[in-house]
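Take a look at the structure set out below.
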Amino acid sequence: MAQSLVKEFTKGLWAEIPPFRLVLGLCPTLAVTKTVENGIGMGVATTFVLVFSNILISMLRNIIPSKVRIACYIVIIATFVTIVEFMMQAYTYELFLKLGIFIPLIVVNCIVLGRAEAFAGKNTVIPSAADGLGMGIGFTMSLAALGAVRELIGAGTLTVWGGSPIFEIGHGYIPFQFMVEAPGAFIGLGLMLCLMNLIGQK
Amino acid sequence: MGDLFVLAISCIFINNILLAQFLGNCPFLGTSKKMETAMGMGMAVVFVLVMAGMITWIVDVYLLKAMNVEFLRTVSFILVIAALVQFVEMFLKKSIPGLYAGLGIFLPLITTNCAVMGVCLINIKEEYTFIEALVSSFAYAVGFGLALVLFAGVRERVILSRVPKPLQDTSIGLVTAGLIALIFTIFRGMV
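From first to last, the protein sequence lines stand for chains A and B. Residue 112 in numbering that gives the first Met the number 0 sits at position 113 of the first sequence, and the numbers go up by one each step. Residue 102 in numbering that gives the first Met the number 0 sits at position 103 of the second sequence, and the numbers go up by one each step.
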């Protein structure tokens, strides 16, 4: 039991890490990773929704009729997204403004619905929670990594929680603006995916 | 009239939904391997997005704002979109079977296309009037179709070329998309 739980949890961290192995949820990945901070914030919000929607869906899996299950899942997910939206508005207002439209859009993040359909709808509560948590942490790590790369190259800094950067390349560095703009997001993610494939090959 | 034209141009090119706003990227990468599927998806999105844009605007102004329950926006919008997609599917199946066969599997996929939900939310956030919301929904959808078809055209060629193994498939797809996004940045000076 404990072993299989660990397996459900860790598969989200490497073997099926979103969005690299499961190419789902690309929109927030590309849009909010201008800085590490935004990436982590988005990742944590998505993790919250993933864990709680997975728990609730797995509890209700025998009650929900299979024909209307997708609609039911979406309503459950949308409810948790609304909760996250209000919590962020109350406690992390700056981050709320930065992420903007992408918080309500967690509803249509394919990872959340994908896990509900592929895992929570078929398994009991505890493994589903482990699955959601693992996937969420994996997603957060990916977003933070991509955010770090983009911020470091594009602005020459790394900022986590707060005004002043914790790391700066130095005054001689000329920021490569391209990386924090739209094209840099696509190319950065594409090259990171390539790197993951390269490591995974061995 | 001039304002609406400027709005349309900026929605199609400058704020292109796929390449500048990063919405709807999953179908962008998923359905762009062939020109035909790209066209199908583009058409389905135009169709659904225009209707969803109108209906969610009406719902927001006359239901949510009138009753002071804006916190239900996320839930109600996603329900409207899901129901709309279902209705459109049934309607097309009965009355325009040709179009239905053409759009086929792309219709149900649109429910989870964040471009649809995203544009509906943008319309509300920017406080557009009904006409502006209609124009922006249409223009964003056209921009989506344009980017998708362009990308599919490039990708059909990329498949034929020899790509290093770790870069294959999605990876090279993303890099290609980045280059197209780079081209789209030149439109910024237009308006």
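Don't be surprised by glycine CBs; every beta carbon is placed ideally from N, CA and C.
Same chain, Cβ closer than 8 Å to residue i, five either side skipped, listed in chain order
i              : result
L6 (chain B)   : E131, V134, S135 and A138
T9 (chain A)   : G133
L63 (chain B)  : E69, L71, R72 and S75
E155 (chain B) : K32, K33 and M34
I168 (chain A) : L151, G155 and T156
V84 (chain B)  : V47, L106, P107, I109 and T110
V157 (chain B) : I171, G172 and T175
Chain-ordered neighbours of residue i on chain B, where CB pairs are closer than 9 Å
i              : result
Q200 (chain A) : K164 and P165
P17 (chain A)  : Those within 9 Å of P17 (chain A) in chain B number zero; the least Cβ separation is about 12 Å.
Alpha-carbon to alpha-carbon, residue j and residue i
i              : j              : result
A143 (chain A) : T34 (chain A)  : 8 Å
M140 (chain A) : G97 (chain B)  : 46 Å
I185 (chain B) : L145 (chain B) : 16 Å
A19 (chain B)  : Q2 (chain A)   : 44 Å
M116 (chain B) : V47 (chain B)  : 11 Å
K33 (chain B)  : Y90 (chain A)  : 46 Å
G188 (chain B) : A129 (chain A) : 49 Å
A140 (chain B) : M86 (chain A)  : 32 Å
V37 (chain A)  : S94 (chain B)  : The question names Val, but residue 37 (chain A) in the sequence shown is Asn. Approximately 47 Å between the Cα atoms of the pair.
G131 (chain A) : R114 (chain A) : 7 Å
E116 (chain A) : L98 (chain A)  : 26 Å
P18 (chain A)  : N196 (chain A) : 13 Å
N67 (chain B)  : Y61 (chain B)  : 10 Å
L149 (chain B) : L28 (chain B)  : 12 Å
I13 (chain B)  : L181 (chain B) : 12 Å
L25 (chain A)  : E126 (chain B) : 27 Å
G189 (chain A) : K164 (chain B) : 13 Å
G135 (chain A) : F4 (chain B)   : 42 Å
C25 (chain B)  : V22 (chain A)  : 8 Å
I173 (chain A) : F166 (chain A) : 15 Å
G199 (chain A) : T169 (chain B) : 15 Å
Partners in chain A for residue i, counting only beta-carbon separations shorter than 8 Å
i             : result
V74 (chain B) : V74, A77, T78 and T81
G23 (chain B) : C26
L28 (chain B) : V22 and L25
Chain B contact residues for residue i, given Cβ-Cβ distances below 7 Å
i              : result
I100 (chain A) : G117, L120, I121 and K124
L104 (chain A) : C113, M116 and G117
Interface residues of chain B facing residue i [CB-CB closer than 8 Å]
i              : result
F180 (chain A) : Before going further, note that residue 180 (chain A) is Glu rather than Phe in the sequence given. Here the neighbours are T184.
L23 (chain A)  : C25
A44 (chain A)  : Under the 8 Å cutoff, chain B gives no residues; its nearest Cβ is about 13 Å from A44 (chain A).
Interface partners of residue i on chain A, CB under 7 Å
i              : result
G1 (chain B)   : None at all; the shortest Cβ gap to chain A is about 27 Å.
L18 (chain B)  : A181
T111 (chain B) : V107, C109 and L112
A176 (chain B) : F185
S170 (chain B) : G189, L192, C193 and N196
L181 (chain B) : P182
L62 (chain B)  : The contacting residues do not exist; L62 (chain B) stays about 16 Å from chain A at best.
Contact set for residue i: own chain, Cβ-Cβ below 7 Å, skip 5 residues either direction
i              : result
R68 (chain A)  : G120
L187 (chain A) : The identity of residue 187 (chain A) in the sequence shown is Gly, whereas the question assumes Leu. Only L145, V148, R149 and M178 meet the Cβ criterion.
V58 (chain B)  : S75 and V79
C119 (chain B) : A51, G52, T55 and F76
F101 (chain A) : P27, A30, V31 and M41
K66 (chain A)  : none
I75 (chain A)  : S52, L55 and I56
C113 (chain B) : L22 and G23
Q88 (chain A)  : F95
N108 (chain A) : G24, P27 and T45
Other residues of its chain near residue i: CB distance less than 6 Å, five sequence neighbours each side excluded
i              : result
G42 (chain A)  : F138, T139 and L142
L29 (chain A)  : A184
L91 (chain B)  : L98 and Y99
A151 (chain B) : S31, M34 and A37
F183 (chain B) : N15 and L18
V44 (chain B)  : A140 and F143
Amino acids of chain A, ordered along the chain, whose beta-carbon sits closer than 9 Å to that of residue i
i              : result
F70 (chain B)  : T81, E84 and F85
L106 (chain B) : The contacting residues do not exist; L106 (chain B) stays about 14 Å from chain A at best.
A65 (chain B)  : None at all; the shortest Cβ gap to chain A is about 19 Å.
L6 (chain B)   : Within 9 Å Cβ-Cβ: nothing; L6 (chain B) doesn't reach chain A, min ~18 Å.
L102 (chain B) : The contacting residues do not exist; L102 (chain B) stays about 19 Å from chain A at best.
C-beta neighbour in chain E for residue i, strict 8 Å
i             : result
A30 (chain A) : The displayed structure is made up of protein chains A and B, and chain E is not among them.
Inter-residue CB distance, residue i and residue j (contact presumed, cutoff 8 Å)
i              : j              : result
V83 (chain A)  : V48 (chain A)  : 6 Å
E7 (chain A)   : P126 (chain A) : 5 Å
G177 (chain B) : P182 (chain A) : 5 Å
G39 (chain B)  : L102 (chain B) : 6 Å
Q | Residues of the segment 35 to 49 of chain B with Cβ closer than 9 Å to any Cβ of chain A, in chain order | A | When CB distances to chain A are screened at a threshold of 9 Å, not a single residue of the segment 35 to 49 of chain B falls below it.
Requested in this report: Residues of the segment 137 to 167 of chain B with a CB closer than 9 Å to any CB of chain A: list them in chain order, please.
Outcome: Answer set for the segment 137 to 167 of chain B: P163, K164, P165, L166 and Q167.
*asked:* Tell me which residues of the segment 55 to 75 of chain A have at least one Cβ-Cβ distance to chain B shorter than 9 Å, keeping chain order.
replied: Answer in chain order: I69, A70, I73 and V74.
To be precise: take each residue of the segment 77 to 90 of chain B, compare its Cβ to all Cβ atoms of chain A, and keep it if any distance is under 8 Å. Which residues remain? Cβ contacts with chain A come from I77, L78 and A81.
Checklist entry - Which residues, in order along the segment 115 to 143 of chain A, keep a beta-carbon less than 7 Å from a beta-carbon of chain B? => result Answer set for the segment 115 to 143 of chain A: empty.
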